[in-house]
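Counted from 1, the sequence shown has number 330 at position 150 by the numbering used here; the numbering is strictly sequential.
Cβ atoms here follow ideal geometry from the backbone N, Cα and C, with glycine treated the same way.
Quick caveat: nothing in here was measured; it's all calculated off a predicted structure.
Worksheet: the structure to be examined is printed underneath.
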Amino acid sequence: MGSGRQILQALVLFIFLCAAVVAEDTATDQELKASRSQFDLTVWSQEVAAQAYEQTIVKMWDALRGANDQLKTLSQVPLTSLTMGRAQPAESLDQGVQRIEFSPPQQTLDRADWLALVKEWDARGFRLVESEWHHSKFSRDEGRAVSTVDFVLHVVRDPSPSSDPIRCVLRGKMRIEWTGTKETPVPGKVVVDKLDVLARRGQPAFQKVFMYGRRQNDVASAHPIILHDLDRNGFPEIIISRWNRLYRNFGGGKFQEEILCAHPIPLAECALVADVTDNGAADLISVDKLGRVVVFEGDSEGKFEKPHRVVCQEKMPGALAMTCGDIDLDGDIDLFVSQYKPAYLYGQMPTPYYDANDGEPAFLLRNEGQANFVDATREAGISKRNRRTYSASFFDVDSDRDLDLLVVSDYAGVDLYRNDGTGKFSEATRQLIDEPHLFGMAHTLGDYDLDGRSDIYAIGMSSTTARRLDAMQLGREDRKDVQRMRSRMGYGNRMYLRRDGKYVSPSFSNQVARTGWSWGTTSFDFDLDGDEDIYVANGFRSGQSCADYCSTFWRHDIYTGSSEHDPNVASLFLESMKSLNEGKISWNGFEHNALLHNLKGRDFVNSAFLHDVACEFDARSVVGGDLDGDGRPDLIVAEYEFVGRGFVTTYHIYRNALEHDHHWIGVRLYESSPEIGGLQGATVTLDSKAGRQVRQLISGDSFLSQHDDAVHFGLGENDSVEKITVELPNGKQAVLESPEIDRYHTVHFGNTPSE
């Protein structure tokens, strides 16, 4: 859908553009607005009514967020009765989590009973601290209006001398039968049709230990975030390239801030660390303000003392996603760099919004040696190079030991290209994936079903508004394709499990799909139980009110304009988004991050709040990695705060302090001689009596970030490993027989021996 910074830049351009055209095109602007108004009176009348009733929900949510006592504020909602089910026996999940499902609604509380229940919760020390309320269905028949609201409540009970803290997540659906009028609706009878509770006693897994923020003269938006062990001491450095900052990691949670590049220049929001110069040390690759790919050559001490070098003649001023790997197996590292073109810019809207290929070109850059790159996009066969791409990775899609290409794009979804082994690609999306469509923001890889093969998790926008419009079967007759694709595009995240040579959706797709408007993501075994969990960053723009712009987008914006620039449409967009850009309302605001806890490959539950990483702020980049070397993966999450004239990045670093008796093992990968072709695409396979685990080392995953070249496995109660095999795309292998557990092992590809 477009990063906040880019949309804001587009709107600034609108101001200058519209100033020149509004006077002479006023009639045209009025016609466009009149057309929207007419559609609201006809096609969208039911949705307009839904918006009117939704204002009561908005006011309640706003009041809750501003209240000192949210539970008391919730009790003041003037409902006449509340019908709900009864708690069933608790189910014990991993790490002390209890899941309680409620029966279908069968007991009815009047208002006095409801107030007594709230008073009881208060007396027991429970506090409501966060919530979400999403209007998922609406119907109105003969004056009777009914809404379905999906809700999430985050509740805590603070510790006392005699009890541990308790965290609870209440998630469900409630049906509201409205009384009053459309102008002043009142929630009368409320029926909780579905309710599940997750509860956990004890300290959360994650503890915030650092925050890295913007300083004077720093650019506001500071993506990407990179983890890489530059000095090869066994601990990854934290790199923030746009702030020219390096946090040197000495282990044990000790970091020292340093200057990243001795000769800094303004850099784009994309960067990678990899040895593209074949000197045996990591280089920093990015794009300068003129859109040129540049390299800062690294040295053996993990420093960048030399001035940058322009390494490609092509210009890509909108560069955003970047990945690397040796695609033609010639011994050096190649690049794929995409550009992002924001929607709304100059009055254009990606067309069609579900398969747009109308952006700025992506580039597949072949390394001719010593980081001299040439454009090989056309000859390589990248057929849809004008996507609005947010993430891309070279990785082995089909297990034939060469690097294929995964591209995840906004207003389109997932594209997969097969490599024939020589750097020539053919599109294979429909051959390999059952449903590729989504507003693609990012992706991550993991073996989620524990079958020893890498799966794909692509994330995007889960739209409650789209589901509500679909339930009401609303849409314009002249654009039936829009509503036909609405449920597919607004579905949310998509998990693809590798089965019989293809990638298919699992039966539990809904459990991992609807996290919100999702951005960054990472796969990591945070509880070391032997299956990979997933963390997802959520939320687009949170304003003063949770009133949501999303309905305007679905009713009007995607029908308005085309891929072509149009000053009249630009003026219309500028006016329709005024409240949003003044920070008065939100667009998918106040959405919490998700920690999707893997239940042995059968299902996932969102336990983010239970482990104190739900984060009630708009988030973007996410990186998981073991920062302190204790075998427990930690988290870095980027906050993206709208401050009136732009977005400001703050990085939150969370230490994993989960207490348990599980075992683990890790492998740190290094290359110590040229012509290895880099480590990207390496497959690391662990064999034990518990089965097989597989990881692929990739770049370009998550959102504007890069993970460390260390591979980590949780072992659960398993106390031994038979062997670990590391294989590069060029066929070189390293095998660790009966490696010691609960430690990291070092594997060097080159002349330096492994440890």
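Item	Value
Using only alpha-carbon positions, find the residue among Y427, G603 and A523 that is nearest to I513.	G603
Mind checking D582: buried by the 16 CB within 10 Å criterion, or exposed?	buried
Could you check what DSSP says for R656 in three-state terms: helix, strand or coil?	coil
Our contact map puts A592 next to R567 with C-beta atoms below 8 Å; I'd like the distance itself, whole angstroms only.	5 Å
So is G911 buried or exposed if we call it buried at 16+ other beta carbons inside 10 Å?	exposed
Could you name the residues that DSSP lists as bridge partners for T731?	The sequence shown places Ser at residue 731, not Thr. The partner list for S731 (beta bridge, DSSP) is empty, contrary to what the question assumes.
Alpha carbon to alpha carbon, how far is T503 from Y739?	34 Å
Would you please state the rounded distance, in angstroms, between the beta carbons of H928 and S879? I believe it to be under 8 Å.	With 8 Å as the limit, H928 and S879 do not qualify as a contact, their Cβ atoms being about 20 Å apart.
Whole angstroms is fine: what's the gap from A325's alpha carbon to G368's?	11 Å
Look up L407 in the DSSP assignment and say whether it is helix, strand or coil.	strand
Grouping DSSP H, G and I as helix and E and B as strand, with all else coil, what is K869?	coil
With a cut-off of 8 Å, do at least 3 Cβ pairs link the stretch 864 to 878 to the stretch 901 to 910?	yes
Compare the Cα-Cα distances from R546 to each of D302, Y533, L586 and G505 and report the closest residue.	G505
Should D528 and S743 be called a contact, given that it needs their Cβ atoms to be closer than 8 Å?	Reading the sequence as shown, one finds Gln at residue 528 and not Asp. In this structure, S743 lies closer than 8 Å to Q528 by Cβ.
Would you kindly work out how many angstroms separate the C-alpha atoms of V241 and F797, rounded to a whole number?	In the sequence as presented, Val is not what sits at residue 241; that position holds Trp. Their backbone Cα atoms lie some 15 Å apart in a straight line.
Taking DSSP's pairing of strands, which residues face P367 in a bridge?	W358
Pick out whichever of A651, P284 and M264 has its Cα sitting closest to the Cα of D290.	M264
Skipping 5 residues on each side, what residues in its chain have a beta carbon closer than 6 Å to that of R923?	none
Exposed or buried, D338, counting other C-beta atoms within 10 Å across all chains shown (16 or more means buried)?	exposed
Checking the sheet assignment: what are the DSSP bridge partners for L682?	One detail in the question is off: residue 682 reads as Lys in this sequence, not Leu. DSSP lists R679 as partners of K682.
For H832, does the count of other Cβ atoms within 10 angstroms reach 16, so buried, or fall short, so exposed?	buried
Please work out which residues of its chain come closer than 7 Å, Cβ to Cβ, to E920, disregarding the five sequence neighbours upstream and downstream, and give them in chain order.	none
If I follow the unbroken alpha helix (DSSP H) through K239, where does it start and stop?	S225 to R245
Classify D808: buried if its beta carbon has 16 or more other beta carbons within 10 angstroms, exposed otherwise.	buried
Excluding the 5 residues preceding and the 5 following D707 in the sequence, name in chain order all residues of the same chain whose CB lies nearer than 8 Å to its CB.	D274, Q275, A385, D713, H777, L838, H840, H842 and G894
Using only CA atoms, which one of S579, D888 and R422 lies nearest to L877?	D888
What did DSSP end up calling K758 once you bin it into helix, strand or coil?	helix
Label K252 either buried or exposed according to how many other C-beta atoms from any shown protein chain fall within 10 Å of its C-beta, with 16 as the threshold for buried.	exposed
So, with DSSP's three-state summary, where would you put M665?	helix
When you compare only the Cα positions, how much space is there between E917 and Q873?	15 Å
In the structure shown, what three-state DSSP assignment does V793 receive?	coil
Pick out whichever of L649, S466 and F484 has its Cα sitting closest to the Cα of H315.	L649
Return the CA-CA distance between V474 and D411, expressed in angstroms with no decimal places.	22 Å
Can you tell me where the alpha helix (DSSP H) with Q268 in it begins and where it stops?	Element bounds for Q268: n/a, residue is neither H nor E.
Against chain B, does S319 count as a neighbour if the rule is that its beta carbon must be under 8 Å from one of theirs?	Chain labels in this structure do not include chain B; a single protein chain is all it has.
Given that a residue counts as buried once 16 or more other Cβ atoms are within 10 Å of its Cβ, and exposed if not, what is D680?	exposed
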